[in-house]
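Step one of this worksheet: look at the structure below.
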C-alpha cells in the first residue's frame, strides 16, 4: 500500500509538488492545558498504545473485512497504474523520481531487502527453496523470488481478487508451477511448522492488528536457519522518557489508520523486542525512510493525470478515501513520526 | 490449487489436533502441462507427505496415478526418466504440478471444518470464534 516516508533528519523533506500538501495540514501544536484535560488525554494516549495487541473480536473481524474489501476494490486500479508490485520503490536518498524509474526501484527494494538479510543467492544448497509471501498482494514479490531462486513461493492474502489475479499472472509468466496464491490470514497461517526457507513480508505488517502474533506466525512457519524479512511502516521509536507518542501524533496516526484499514502502529524497537522474545537470532533493523521519500511526488503526479483521476473516480469510495489521505502521510513523514523500516532475523538452527 | 500446494496446507482452527492433511473434495479440476524438472522433483520428494498426496489423487478419481510407496531418488535421477511417459518421474510431476483444482472443498480431518476452493484459490480464513487463543 502506498505510504509516505519519513525523514530522519531535522530538516523535513519538501520535494517539489509536496509543498502544497505539507503546508495545508500545518503543525498541530498542542497548547498546554492544565489539569484534568491534559491528564485524561495522556491516559487515553497511553491506553491506545497499550491496546496494540488487544483488539476486540468484533473489531478484528471488521478490520479483516475492511482490508479484503479495500484490496478487492483497489488492486485493479493500482495494477493499471503501477504494475504488479504493490510496494514502495527504493531510491538513493534525495534523488528525484519519475514514473519510469518506479518499477526498477520496486525491484531494487526487493534486492536491497534480500541483501540486508544476507539471503544466500548463488549457492544451490543454501539458496531458498520454499518461500512464503505474507500479505502477497497480486504476487509481484512471489513471482520475482520464484524466478530469482527457482523456489516454490506461496503467497497469502485476505483478498480473493488478489489471489486470483496472482495465479493468473503466474500462469501468464509461465510460473504456475512455482508460485501459488491462497486466501488466508497472516495471523493464522495455514501451514504446518517449519516449512519455509525464506519468510517474506513486504509492506503488509502495517495491516496486522497483533504484531506479536504476526511475528510469532512468521517464526513458526520458518524452517530452522530460515531468514525472516519484514519491510513495514512503523512510528518513531519512543524516547526513554516517553510512555507513548504525543496526543497530536496519535491523532494523526488514527486518521491515517482509518483510511487505510490499518490497526495501531508500533515502532521498530517494538519489533526487535518481539523478535528477541521469540528467540530469533541475528536481528537487524534499518530506517529506509529517506529511500522511499522520492515516491510520493510521483504518486501525486500520477493521481493528477487523466488516467489516474478517472481510475480513481471509477474505483470506489475506499480507494478514493485512501488517496485523499495522502497529505496526512506526508505530514507524518515531515514530522518524523512515520518511518519506513526493515527488520530481519533468523530462526535458530535445529538444536 | 495444485496438489503440491495441498500437500503444504493445514487447518489452524481451534479444535484441530494437526489439521493435516486436509481431505479433498473436488467439483472441478483441469490439467495444464508444464515441462518436468527432475532436480526440483528430486529436491521436493523428501519434503512431501506421500500418503496425503496419494489420498488427494484418489479423491480426484485417479487411484492408478501414484504408487502406494514413493519413488526412490535413483528412479527420479535415472537416465531418460523425464522422457519416460508413465514413468515414476512423469507420474509424480503430473500429480504435483499439472493437476489444478478449480472448485472444491478442503476438509479438516479433526474438526470437519470445510474450506472452500473457488476459481482455483483455497480460502483458509477462519471465523473469529475458530481462532486459537
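Residue numbers (this note's numbering), protein chains in the order written: chain A, 57 to 407; chain B, 152 to 284.
Every residue gets a Cβ at the ideal spot worked out from N, C-alpha and C, and that includes glycine.
Just so we're clear, the structure is a prediction, and the values are computed from it rather than from any experiment.
DSSP, reduced to helix, strand and coil, places residue 281(A) within a strand of the structure shown. Here the stretch 334-354 of chain A makes no contact with the stretch 163-174 of chain B; the two share fewer than three CB pairs at distances below 8 Å. In this structure, residue 285(A) lies near residue 398(A), with their beta-carbon atoms less than 9 Å apart. Taking C-beta atoms as the reference points, residue 278(A) and residue 250(A) count as a pair closer than 9 Å. Between residue 186(A) and residue 254(A), the gap from beta carbon to beta carbon is short of 9 Å.
Using a CB distance cut-off of 9 Å, residue 216(A) counts as an interface residue toward chain B. Residue contact with chain A for residue 264(B): absent (no Cβ-Cβ distance below 9 Å to any residue of chain A). Chain order gives the chain B residues near residue 223(A) as 271 and 272, where near means a beta carbon separation below 8 Å. The three-state reading of DSSP puts residue 231(B) in coil, since its state is none of H, G, I, E or B. By the Cβ-count criterion, residue 136(A) is exposed, with fewer than 16 other Cβ atoms from all chains shown falling within 10 Å of its own Cβ. Around the C-beta of residue 270(B), fewer than 16 other C-beta atoms lie within 10 Å, and the residue is accordingly described as exposed. Judged by beta-carbon spacing, residue 245(A) lies within the 9 Å limit of residue 188(A), meaning their Cβ atoms are closer than that value.
Just measuring C-alpha positions, the residue of 226(A), 120(A), 210(A) and 116(A) sitting nearest residue 140(A) is 226(A). Residue 237(A) is bridged by DSSP to 211(A).
A straight line joining the alpha-carbon of residue 181(B) with that of residue 219(B) spans about 23 Å. Sequence-distant partners of residue 165(A) (beyond 5 residues in either direction) whose C-beta falls short of 7 Å from its own C-beta, in its chain, are 143, 144, 145 and 146.
According to the DSSP secondary-structure assignment, residue 250(B) is paired through a beta bridge with 182(B). Within the same chain, Cβ atoms closer than 8 Å to the Cβ of residue 311(A) are found at 381 and 384, the five residues on either side in sequence being excluded. Interface residue (Cβ-Cβ distance to chain A less than 9 Å): residue 182(B) is not classified as such. Per DSSP, the unbroken beta strand (DSSP E) holding residue 342(A) starts and ends at 337-343. Any Cβ of chain B closer than 9 Å to the Cβ of residue 206(A) would place that residue at the interface, and such an atom is present. With respect to the 9 Å criterion, residue 319(A) and residue 119(A) are classified as neighbours on the basis of their beta carbons.
Taking 9 Å as the cut-off between beta carbons, the residues of the stretch 152-166 of chain B near chain A are 152, 153, 155, 156, 159, 160, 161, 162, 163 and 164, in sequence order.
Under the Cβ distance rule, residue 254(B) does not count among the residues neighbouring chain A, no pair being separated by less than 9 Å. Assignment of beta-bridge partners to residue 323(A) by DSSP yields no partner.
With contacts defined by Cβ atoms closer than 9 Å, residue 224(B) and residue 264(B) do not form a contacting pair. With a 10 Å radius around the Cβ and a threshold of 16 neighbouring Cβ atoms, residue 169(B) comes out exposed.
Neighbours of residue 181(A) in chain B, taken as residues at a C-beta separation under 7 Å, are lacking, since the least C-beta distance is about 10 Å.
Neighbours of residue 248(A) in chain B, taken as residues at a C-beta separation under 7 Å, are given in chain order as 161 and 171. With respect to chain B, the C-beta atom of residue 243(A) has a partner C-beta closer than 9 Å.
For residue 228(A), there are no C-beta contacts with chain B under 9 Å, since the nearest C-beta of that chain is about 12 Å from it.
Nothing from the stretch 223-234 of chain B brings a Cβ to less than 9 Å from some Cβ of chain A. Per the DSSP secondary-structure output, residue 291(A) pairs in a beta bridge with 394(A). Residue 281(A) and residue 272(A) have their C-alpha atoms roughly 15 Å apart. Within chain A, the residues whose beta carbon sits less than 8 Å from that of residue 248(B) are 233, listed in sequence order.
Close to chain B, meaning a Cβ-Cβ distance shorter than 9 Å, are the following residues of the stretch 186-210 of chain A: 186, 206, 208 and 210.
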